[in-house]
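Trainee: Can you keep this structure in mind? I'll have questions shortly.
Numbering (the UniProt record's numbering), first residue to last: 1 to 141.
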(Lines of atoms letter the chains of each structure in order from A and count residues from 1; the text may use other names and numbers.)
(Lines give C-alpha, C1' and ligand atoms only; values in the text may rest on other atoms or scores of the structure.)
Protein backbone atom coordinates (compact mmCIF):
# COMPACT_ATOMS: atom_id res chain seq x y z
CA UNK A 1 0.00 0.00 0.00
CA UNK A 2 1.36 3.40 -0.92
CA UNK A 3 1.64 6.22 1.62
CA UNK A 4 -0.76 9.09 1.38
CA UNK A 5 -1.39 12.22 3.38
CA UNK A 6 -4.67 13.81 4.36
CA UNK A 7 -4.75 17.39 5.51
CA UNK A 8 -7.77 18.08 7.68
CA UNK A 9 -8.57 21.75 7.79
CA UNK A 10 -11.29 23.35 9.81
CA UNK A 11 -14.15 20.86 10.03
CA UNK A 12 -16.86 20.36 12.54
CA UNK A 13 -16.43 17.73 15.25
CA UNK A 14 -18.86 15.45 13.44
CA UNK A 15 -16.84 15.62 10.18
CA UNK A 16 -13.57 14.88 12.02
CA UNK A 17 -15.13 11.92 13.79
CA UNK A 18 -16.56 10.64 10.49
CA UNK A 19 -13.19 10.98 8.72
CA UNK A 20 -11.32 9.28 11.55
CA UNK A 21 -13.81 6.41 11.63
CA UNK A 22 -13.76 5.79 7.87
CA UNK A 23 -10.01 6.29 7.38
CA UNK A 24 -8.80 4.47 10.51
CA UNK A 25 -8.61 1.02 8.80
CA UNK A 26 -6.49 2.53 6.02
CA UNK A 27 -4.01 4.24 8.32
CA UNK A 28 -1.21 2.27 9.94
CA UNK A 29 0.06 2.65 13.46
CA UNK A 30 3.11 4.92 13.27
CA UNK A 31 4.71 3.49 16.41
CA UNK A 32 4.69 -0.04 15.03
CA UNK A 33 6.10 1.29 11.75
CA UNK A 34 8.94 3.01 13.64
CA UNK A 35 9.64 -0.21 15.58
CA UNK A 36 9.71 -2.23 12.36
CA UNK A 37 12.18 0.22 10.81
CA UNK A 38 14.41 0.03 13.87
CA UNK A 39 14.33 -3.77 13.81
CA UNK A 40 15.18 -3.92 10.11
CA UNK A 41 18.07 -1.47 10.57
CA UNK A 42 19.33 -3.46 13.53
CA UNK A 43 19.41 -6.73 11.60
CA UNK A 44 20.96 -5.21 8.47
CA UNK A 45 23.61 -3.40 10.51
CA UNK A 46 24.48 -6.57 12.41
CA UNK A 47 24.76 -8.78 9.35
CA UNK A 48 25.76 -6.16 6.79
CA UNK A 49 24.66 -6.00 3.18
CA UNK A 50 23.46 -9.40 1.90
CA UNK A 51 25.58 -11.07 -0.75
CA UNK A 52 24.31 -12.15 -4.17
CA UNK A 53 24.00 -15.76 -2.95
CA UNK A 54 21.93 -14.72 0.07
CA UNK A 55 19.37 -12.73 -1.85
CA UNK A 56 19.22 -14.71 -5.12
CA UNK A 57 16.08 -16.73 -5.82
CA UNK A 58 14.76 -19.06 -8.51
CA UNK A 59 16.91 -19.80 -11.55
CA UNK A 60 19.54 -17.26 -10.52
CA UNK A 61 20.02 -19.11 -7.23
CA UNK A 62 20.35 -22.47 -9.02
CA UNK A 63 22.87 -21.01 -11.46
CA UNK A 64 24.98 -19.50 -8.63
CA UNK A 65 24.93 -22.80 -6.71
CA UNK A 66 25.97 -24.73 -9.82
CA UNK A 67 28.79 -22.27 -10.55
CA UNK A 68 30.00 -22.73 -6.95
CA UNK A 69 30.23 -26.48 -7.62
CA UNK A 70 32.20 -25.88 -10.81
CA UNK A 71 29.35 -26.58 -13.24
CA UNK A 72 28.10 -24.34 -16.05
CA UNK A 73 24.37 -25.13 -16.28
CA UNK A 74 23.33 -22.51 -18.82
CA UNK A 75 26.56 -22.30 -20.88
CA UNK A 76 27.29 -18.84 -19.49
CA UNK A 77 31.06 -19.25 -19.38
CA UNK A 78 33.47 -19.25 -22.29
CA UNK A 79 33.96 -22.80 -23.64
CA UNK A 80 37.18 -24.55 -22.70
CA UNK A 81 39.94 -24.32 -25.25
CA UNK A 82 40.91 -27.62 -26.87
CA UNK A 83 43.65 -28.33 -29.36
CA UNK A 84 41.22 -29.38 -32.09
CA UNK A 85 43.22 -32.51 -32.87
CA UNK A 86 41.79 -35.98 -33.35
CA UNK A 87 42.94 -36.94 -29.84
CA UNK A 88 41.60 -33.76 -28.22
CA UNK A 89 38.71 -32.37 -30.32
CA UNK A 90 36.71 -29.23 -29.65
CA UNK A 91 33.69 -30.23 -27.51
CA UNK A 92 30.27 -29.06 -28.78
CA UNK A 93 27.35 -29.55 -26.33
CA UNK A 94 23.99 -30.48 -27.84
CA UNK A 95 20.56 -31.66 -26.64
CA UNK A 96 19.83 -33.48 -29.91
CA UNK A 97 21.74 -35.76 -32.29
CA UNK A 98 23.15 -33.07 -34.62
CA UNK A 99 24.13 -29.42 -34.48
CA UNK A 100 25.17 -26.73 -36.92
CA UNK A 101 28.73 -25.56 -36.16
CA UNK A 102 30.55 -22.50 -37.42
CA UNK A 103 34.34 -22.58 -37.62
CA UNK A 104 36.48 -19.47 -38.01
CA UNK A 105 39.46 -21.25 -39.44
CA UNK A 106 42.04 -18.50 -38.97
CA UNK A 107 42.16 -15.80 -36.33
CA UNK A 108 41.88 -12.90 -38.77
CA UNK A 109 39.43 -14.63 -41.10
CA UNK A 110 36.23 -12.71 -41.89
CA UNK A 111 34.17 -15.67 -43.14
CA UNK A 112 32.67 -18.54 -41.19
CA UNK A 113 32.65 -22.13 -42.46
CA UNK A 114 29.36 -23.80 -41.48
CA UNK A 115 28.89 -27.57 -41.31
CA UNK A 116 26.64 -30.13 -39.59
CA UNK A 117 28.16 -32.05 -36.69
CA UNK A 118 26.56 -35.43 -35.95
CA UNK A 119 26.65 -37.57 -32.82
CA UNK A 120 29.39 -40.21 -32.69
CA UNK A 121 33.06 -39.89 -33.63
CA UNK A 122 34.77 -36.53 -34.00
CA UNK A 123 34.47 -34.78 -37.36
CA UNK A 124 36.77 -32.41 -39.20
CA UNK A 125 36.13 -28.90 -40.42
CA UNK A 126 36.06 -29.12 -44.23
CA UNK A 127 38.28 -26.05 -44.57
CA UNK A 128 40.98 -26.10 -41.85
CA UNK A 129 40.83 -29.67 -40.54
CA UNK A 130 40.10 -28.90 -36.86
CA UNK A 131 38.29 -31.74 -35.12
CA UNK A 132 34.93 -31.29 -33.36
CA UNK A 133 32.98 -33.77 -31.24
CA UNK A 134 29.30 -33.59 -30.32
CA UNK A 135 28.58 -34.34 -26.63
CA UNK A 136 25.07 -34.80 -25.27
CA UNK A 137 24.15 -32.03 -22.83
CA UNK A 138 21.21 -32.19 -20.40
CA UNK A 139 19.14 -29.10 -19.77
CA UNK A 140 19.34 -27.97 -16.12
CA UNK A 141 15.61 -27.57 -15.59
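Ideal Cβ positions, reconstructed from N, Cα and C, are used throughout, including at glycine.
Return the bridge partner residues of residue 99 from the DSSP annotation.
Mentor: 117, per the DSSP bridge assignment.
Trainee: What residues in its chain sit with their C-beta under 8 Å from that of residue 56, if we drop five residues either side in the sequence?
Mentor: Within the same chain, residue 56 has close Cβ partners 64.
Trainee: Tell me, to the nearest whole angstrom, how far the beta carbon of residue 98 is from that of residue 82; I am working on the premise that it is less than 8 Å.
Mentor: With 8 Å as the limit, residue 98 and residue 82 do not qualify as a contact, their Cβ atoms being about 20 Å apart.
Trainee: Is it true that the region 104–112 meets the region 126–138, where meeting means three or more beta-carbon pairs spaced less than 8 Å apart?
Mentor: They touch, by the three-pair rule.
Trainee: From what residue to what residue does the beta strand (DSSP E) around residue 134 run?
Mentor: Segment 131–136, the beta strand (DSSP E) holding residue 134.
Trainee: For residue 80, which of helix, strand or coil comes out of DSSP?
Mentor: Residue state, collapsed to three classes: coil.
Trainee: Using C-beta distances below 7 Å, list every residue in its chain close to residue 100, excluding the 5 sequence neighbours before and after it, in chain order.
Mentor: Within the same chain, residue 100 has close Cβ partners 114 and 116.
Trainee: Do you know how far the Cα of residue 88 is from the Cα of residue 60?
Mentor: Approximately 33 Å, taken between the alpha carbons.
Trainee: Helix, strand or coil for residue 65, going by three-state DSSP, please let me know.
Mentor: Note: residue 65 maps to helix in three-state DSSP.
Trainee: The beta strand (DSSP E) that contains residue 125, what's its start and end?
Mentor: It is not in any beta strand (DSSP E) - residue 125 carries neither H nor E in the DSSP assignment.
Trainee: For residue 49, verify whether its CB is less than 6 Å away from any heavy atom of the ligand FAD.
Mentor: As presented, the structure is devoid of all ligands, the ligand FAD included, so that no description of it is given.
Trainee: What residues match up with residue 91 in a beta bridge as DSSP calls it?
Mentor: BP columns for residue 91 point to 133.
Trainee: What is the DSSP secondary structure of residue 52, counted as helix, strand or coil?
Mentor: Looking at residue 52 - three-state DSSP - the assignment turns out to be helix.
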